[in-house]
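Residue numbers (UniProt numbering): 1 to 483.
Comments concern the structure below.
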């Protein structure tokens with residue numbers, strides 16, 4: 001069993017503490033590795049290292065940083081099978097999703113590398129004679145990246161690639177449940193002489209200790225975190241001590257609306273993917289379904305067939321497994337309790353609603369609930385598991401009103417072949433993302449961001465990159481001998 005170290009200033013080092021955290025394979029419940037339970041002293045070393053390295057990294061020509069970022073994608077590609085296996089082992093992803101995540105991480109490094117030559121400023125006319133106004137876009141400085149457990153390879157790429165290409169340095173805190181892929185990526189960094197010590201650093205440990213120490217550190221200029229609303233709230237509170245900028249992708253409760261004019265086969269397939277991908281453990285997953293009463297029975301039957309057809313099991317043992325376990329015993333019990341409460345409140349279990357007959361692991365059957373009240377907890381709170389509550393509507397106005405009636409605002413979707421219905425939904429739904437007649441998953445060149453309690457700032461594309469940049473305005477006077 002491997003025991004990892006921290007990575008600071010280009011070197012593997014031991015934590016100043018002596019406690020360890022066990023990493024559990026959620027499909028077997030076996031301990032597969034250990035990470036140091038780091039502390040504030042470890043964070044101080046890592047941040048100071050990143051701070052000392054940042055100016056030289058900023059002065060490295062953009063094109064050279066871009067080449068380095070692209071090479072990181074190339075190096076992941078060389079170890080693609082290793083990353084897929086580690087991801088399946090530590091997080092329980094099925095092969096198709098694990099391989100897709102690794103490929104997306106590779107693509108992300110390649111895509112973001114292309115922005116090295118495209119970071120643009122502006123020149124504005126001045127109100128004064130013999131003066132120009134220059135607007136520069138500069139790296140914000142030291143970035144703290146807090147990585148979640150549900151997409152540990154892709155979101156690491158999202159934060160690291162963007163930081164490095166813009167001239168920032170970074171300290172990452174991998175999830176204490178899925179750090180092995182981050183440590184494998186760190187081997188790539190360590191082997192690349194082109195990356196100076198201090199540009200990339202890793203401190204492992206708990207979110208409460210390491211996350212708080214990073215967010216409250218005076219030399220950190222941006223906290224970029226993907227996680228839950230409670231965790232994001234704590235990060236904001238800590239960052240407020242120094243008025244540090246925060247970039248937060250938090251929880252979601254994505255509604256899916258299916259009108260009477262929808263292609264029901266397409267809707268059933270896309271909603272199944274959107275609900276069950278990663279065992280329902282993604283902030284963009286379709287978490288609640290509003291279906292027109294005239295097609296509710298037909299769509300529900302199609303969804304039941306799709307849900308019941310999914311093959312569950314240990315994805316490392318069988319590439320044909322379509323859904324792996326939930327991440328932990330706590331998550332499994334939370335999902336179970338939410339379903340139990342929904343049933344007590346009057347919901348009916350159309351399929352699932354229990355653990356499958358699998359010897360070990362944190363598995364839960366794909367579940368559909370009908371007769372669900374809009375005011376019930378399972379409609380209001382994030383499930384983060386393979387459970388789809390269904391409720392009906394009479395008018396599109398009613399569906400949109402219910403979809404918007406939430407504290408969250410990340411993703412949403414609508415299924416209809418009526419252009420007028422689609423345009424109304426797009427214009428009236430209050431979410432950072434709306435998918436029309438397709439599954440929920442963002443593109444690297446788009447912009448992934450939420451409204452309300454789903455977060456601040458965003459990621460991907462030009463607009464996501466801008467969160468890593470600071471703006472400097474220069475008023476440049478010059479002499480004019482002709483005047």
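Ideal Cβ placement from N, Cα and C applies to all residues, glycine included.
Verify whether the separation of the beta carbon atoms of residue i and residue j is less than 9 Å.
i           : j           : result
residue 250 : residue 38  : no
residue 486 : residue 412 : Outside the shown range of the chain (1 to 483) lies residue 486, about which nothing can therefore be said.
residue 92  : residue 180 : no
residue 191 : residue 207 : no
residue 442 : residue 226 : no
residue 444 : residue 213 : no
residue 159 : residue 147 : yes
residue 414 : residue 203 : no
residue 351 : residue 307 : yes
residue 286 : residue 388 : yes
residue 143 : residue 223 : yes
residue 211 : residue 238 : yes
residue 188 : residue 48  : no
residue 15  : residue 23  : no
residue 446 : residue 457 : no
residue 319 : residue 95  : yes
residue 201 : residue 9   : yes
residue 57  : residue 199 : yes
Select from the options the residue whose C-alpha is nearest the C-alpha of residue i.
i           : options            : result
residue 183 : 478, 152, 56       : 152
residue 440 : 309, 329, 66, 270  : 270
residue 52  : 171, 304, 29       : 171
residue 403 : 380, 118, 362, 357 : 380
residue 405 : 142, 174, 199, 252 : 252
residue 254 : 23, 408, 477       : 408
residue 115 : 74, 85, 88, 162    : 162
residue 101 : 202, 205, 47, 278  : 278
residue 55  : 384, 74, 87, 141   : 141
residue 334 : 378, 373, 347      : 378
residue 492 : 261, 238, 199, 347 : In this structure the chain extends from 1 to 483, so residue 492 is not present and cannot be described.
residue 110 : 99, 94, 143, 157   : 157
residue 61  : 188, 194, 72       : 194
residue 260 : 32, 447, 395       : 395
residue 398 : 197, 50, 424       : 424
residue 451 : 174, 431, 421, 121 : 431
residue 275 : 248, 229, 323      : 323
residue 466 : 332, 329, 112, 328 : 112
residue 391 : 9, 349, 13, 325    : 349
residue 459 : 400, 198, 145      : 145
residue 117 : 50, 123, 129, 167  : 167
Quick check on the burial criterion: 16 or more other C-beta atoms within 10 angstroms. Buried or exposed for residue i?
i           : result
residue 177 : buried
residue 11  : exposed
residue 419 : exposed
residue 486 : In the structure displayed, the chain extends from 1 to 483; residue 486 sits before or after that span and is not available.
residue 386 : buried
residue 186 : buried
residue 478 : exposed
residue 480 : exposed
residue 429 : buried
residue 125 : exposed
residue 127 : exposed
residue 45  : buried
residue 288 : buried
residue 119 : buried
residue 309 : exposed
residue 272 : buried
residue 416 : buried
residue 305 : exposed
Could you tell me which residues DSSP pairs with residue i in its beta bridges?
i           : result
residue 249 : 226, 455
residue 351 : 368
residue 23  : 33
residue 145 : 172, 224
residue 179 : Paired residues: none, contrary to the question.
residue 415 : 258
residue 436 : 414
residue 125 : 132
residue 11  : 8
residue 292 : 393
residue 449 : 458
residue 312 : 323
Segment contact flag, the segment 467 to 476 with the segment 129 to 146, C-beta cutoff 8 Å, min 3 pairs: yes
Would you say the segment 227 to 246 touches the segment 261 to 273, given that touching needs at least three Cβ pairs under 8 Å? Short answer: they don't touch.
Any contact of the segment 12 to 19 with the segment 31 to 48, i.e. 3+ C-beta pairs under 8 Å? With a cut-off of 8 Å, the segment 31 to 48 and the segment 12 to 19 count as touching, because enough Cβ pairs lie within range.
If we count Cβ pairs, one from each stretch, closer than 8 Å, do we get three or more for the segment 282 to 296 versus the segment 65 to 83? no
Touching by the beta-carbon criterion (3+ pairs, under 8 Å), the segment 335 to 342 and the segment 98 to 107: no
Stretch-stretch touch, CB-based, cutoff 8 Å, three pairs: the segment 362 to 382 with the segment 296 to 312: Three or more Cβ pairs closer than 8 Å define a contact, and the segment 362 to 382 meets that threshold against the segment 296 to 312.
Sufficient close CB pairs (3 or more, under 8 Å) joining the segment 309 to 316 to the segment 349 to 364: yes
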